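Residue numbers (the working numbering): 128 to 828.
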């Protein structure tokens with residue numbers, strides 16, 4: 128009697144991957160999701176008989192062992208093993224079709240499949256199977272019921288990240304590219320590098336926390352090295368990336384951190400990693416996000432007597448925007464009520480449990496003020512709920528004295544934004560993070576949060592403030608209100624002309640009073656260039672005026688900056704900058720004080736993408752990129768970066784200098800290799816301008 132031997136194994140890749148929504152992964156191995164059956168066809172040297180012993184062995188890790196749970200030996204029709212089971216679908220001569228169902232909480236990773244018959248072990252070619260989280264499976268903790276949401280948060284490989292300022296939000300297109308070549312392998316490498324135990328790999332909360340640490344290079348030589356220095360020699364400037372693919376491919380090849388990233392780069396890469404592993408994920412942008420408030424829920428901003436913001440004094444800062452990620456899961460480690468979106472953040476800001484990692488923090492815990500819940504909920508709460516306090520620093524008898532000129536209680540954590548499901552538009556999700564300002568629920572959540580935090584007193588908190596005056600120890604009132612003034616003083620800052628580089632910057636400060644009376648108002652206004660992190664790069668000009676208002680009335684004071692005052696700075700900076708206008712108003716008669724700041728972005732001419740609306744698979748088409756320099760200034764060292772997932776690889780065109788009025792045109796021949804709607808992204812960078820981008824979709828049939 129010949130002993131039973133396996134002669135081949137067919138992983139039935141095309142039907143399995145279609146059913147598991149993994150057919151887009153560019154990899155020769157089988158990729159499946161946990162908790163859902165997949166089929167394998169085993170070819171034998173003779174018919175399978177009742178007495179034959181046949182088992183499938185799945186091993187994970189370096190040295191799989193049964194007693195560690197890293198080796199699963201599955202026999203057909205037997206009771207399940209660790210929640211896994213297999214059954215014979217049909218036998219046909221020497222062919223045997225088996226169905227394998229993994230446990231819905233199996234460890235995620237790479238499994239080696241061997242087939243054992245009696246004492247013979249067969250090791251198939253490409254016998255490594257990739258097992259991912261499964262948002263389609265009701266028993267998986269990452270289950271997401273809505274199909275449109277799964278298509279967006281798991282399967283969409285393009286998107287956009289919202290940046291700018293709350294005054295002028297704009298989108299940066301970003302290619303996540305979770306299905307591209309080597310991306311899944313890079314994620315598996317990160318999982319191995321994370322040293323998560325097998326049981327930790329079952330749980331998306333532990334996996335997402337580990338990935339938030341590994342996407343930054345701090346303390347574990349992770350994927351991206353952060354830099355806010357403004358000098359990016361020896362690497363790529365954070366502004367020059369248009370997606371995660373190049374970054375993760377580079378990292379996987381070299382196993383060394385890729386230079387350089389800032390918050391949207393970390394969030395873009397982390398979004399790719401989480402979607403690739405099968406966890407629903409979205410990039411979330413918060414405008415006016417507080418940083419480093421040391422849990423005292425206050426950010427102190429220091430101004431000089433000209434109303435210009437001072438960098439040197441502040442410990443803490445307000446970033447014009449900050450980007451992190453939300454991942455979707457049930458939190459089995461927490462009391463009920465905290466399932467759903469969880470915030471994770473891979474931008475290295477503060478250490479948590481000794482590493483630069485942040486989250487997962489339930490978004491509902493931030494909204495309810497339950498800031499004692501793991502992980503890092505105090506930090507996330509402070510980012511979206513701090514107060515902003517303005518101080519003017521004046522010299523009095525040769526010593527610095529601090530004068531408070533305003534408190535804003537509703538200025539932090541505005542316009543929290545993500546890409547809408549299935550549409551190219553911004554969705555405001557502030558109400559998921561916070562109750563409406565001033566509502567009863569908001570007050571209760573705030574009182575709850577304050578009971579777990581330790582708000583400091585109201586004195587200034589600069590590096591040398593403590594030597595000037597003793598900090599008062601009184602804690603803040605629980606519900607700080609906007610200061611009600613006797614005059615109903617109100618400030619508004621706007622631009623009166625489009626803010627084009629090379630043109631004068633024309634802005635205006637509107638001063639309003641709403642109560643009857645004659646009011647003398649001292650107005651100080653300043654204009655500066657700043658990075659999105661709030662760091663000032665240049666002082667451009669100031670105004671000081673005294674105006675008389677007969678209330679209720681308003682007056683508009685112009686603030687104009689000539690091109691010579693800022694163009695040199697603009698051309699020398701590697702990062703995109705915003706225009707910061709700060710206004711301080713003081714009413715002589717009542718001593719009312721008010722401070723207001725607004726950040727605005729420069730406006731640029733567009734890139735036009737020209738191509739057909741549809742194309743056929745593997746049929747070439749031409750895509751052209753056209754840019755007309757409508758500015759009054761030559762754009763130097765222009766580079767056009769273009770990428771189309773499933774159409775063409777990342778390509779760079781050098782265009783040198785583009786004079787005012789000149790038109791630049793680039794063409795690329797595209798060969799679509801994947802079906803469905805695909806996007807082409809283009810970005811133009813030059814010495815003067817970093818932020819021009821465009822995207823266009825094409826349907827591949």
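Think of the CB as a built atom: it goes at the ideal place given N, C-alpha and C, for glycine as much as any other residue. Predicted model only: the values in this text are computed from it and were never measured.
DSSP beta-bridge partners of residue i
| i | result |
| --- | --- |
| residue 214 | 226 |
| residue 488 | 470 |
| residue 572 | Its beta-bridge partners do not exist; DSSP assigns none. |
| residue 168 | 137 and 224 |
| residue 266 | Looking at the DSSP assignment, residue 266 forms no beta bridge with any residue, so it has no partner. |
| residue 157 | 256 |
| residue 289 | 298 |
| residue 412 | 450 and 544 |
| residue 565 | Residue 565 pairs with nothing; no bridge assigned. |
| residue 649 | 673 and 713 |
| residue 518 | 429 and 531 |
| residue 351 | 343 and 385 |
DSSP-derived helix/strand/coil call for residue i
| i | result |
| --- | --- |
| residue 377 | helix |
| residue 720 | strand |
| residue 318 | helix |
| residue 393 | helix |
| residue 691 | helix |
| residue 249 | strand |
| residue 176 | coil |
| residue 708 | strand |
| residue 699 | helix |
| residue 656 | strand |
| residue 553 | strand |
| residue 596 | Summary for residue 596: the model assigns pLDDT 34, below 50, so the residue's position carries little reliability, and this model does not support an answer. |
| residue 792 | strand |
| residue 807 | strand |
| residue 336 | helix |
| residue 604 | Interpretation of residue 604 is limited by its pLDDT of 38, a score under 50 that renders its predicted location unreliable; the figure taken from the coordinates is listed afterwards. In the structure shown, residue 604 sits in coil (DSSP, three-state: anything other than H, G, I, E or B). |
| residue 365 | helix |
| residue 642 | strand |
Contacting residues, own chain, Cβ-Cβ under 7 Å from residue i (five flanking each side not counted)
| i | result |
| --- | --- |
| residue 155 | 253 |
| residue 562 | 494, 568, 569 and 572 |
| residue 139 | 166, 167 and 168 |
| residue 213 | 183, 201, 203, 225, 226 and 227 |
| residue 506 | 477 and 485 |
Reference residue i, options the options, closest by Cα
| i | options | result |
| --- | --- | --- |
| residue 687 | 677, 680, 696 and 671 | 671 |
| residue 675 | 501, 547, 614 and 805 | 614 |
| residue 659 | 644, 638, 707 and 633 | 707 |
| residue 219 | 250, 169 and 256 | 169 |
| residue 365 | 762, 812, 524 and 821 | 812 |
| residue 513 | 379, 466, 413 and 210 | 413 |
| residue 435 | 142, 748, 575 and 661 | 661 |
| residue 497 | 487, 576, 543 and 443 | 576 |
| residue 293 | 557, 386 and 440 | 557 |
| residue 349 | 402, 279 and 475 | 475 |
| residue 193 | 325, 159 and 291 | 325 |
| residue 315 | 266, 188 and 211 | 188 |
| residue 752 | 738, 764 and 761 | 738 |
Contacts around residue i, its chain only, beta-carbon distance under 6 Å, and the 5 residues preceding and following it disregarded
| i | result |
| --- | --- |
| residue 768 | 369, 779 and 810 |
| residue 685 | 635 |
| residue 639 | 617 and 681 |
| residue 354 | 387 |
Contacts around residue i, its chain only, beta-carbon distance under 8 Å, and the 5 residues preceding and following it disregarded
| i | result |
| --- | --- |
| residue 235 | 161, 258, 259, 260, 318, 328, 329, 334, 404 and 405 |
| residue 693 | 632, 656, 665 and 667 |
| residue 209 | 196, 199, 230 and 233 |
| residue 800 | 744, 745, 773 and 774 |
Pairwise C-alpha distance: residue j and residue i
| i | j | result |
| --- | --- | --- |
| residue 592 | residue 646 | Note that residue 592 scores a pLDDT of 36, beneath 50, so its modelled location is shaky; the value from the coordinates is reported in the next line. The straight-line gap from Cα to Cα measures roughly 33 Å. |
| residue 223 | residue 217 | 6 Å |
| residue 174 | residue 137 | 17 Å |
| residue 268 | residue 466 | 9 Å |
| residue 782 | residue 276 | 40 Å |
| residue 590 | residue 384 | Low local confidence applies: a pLDDT of 39 at residue 590 is under 50, so the model's placement there is unreliable, and no value is given. |
| residue 320 | residue 518 | 46 Å |
| residue 520 | residue 668 | 18 Å |
| residue 795 | residue 750 | 5 Å |
| residue 145 | residue 151 | 9 Å |
| residue 417 | residue 295 | 18 Å |
| residue 817 | residue 770 | 17 Å |
| residue 725 | residue 742 | 45 Å |
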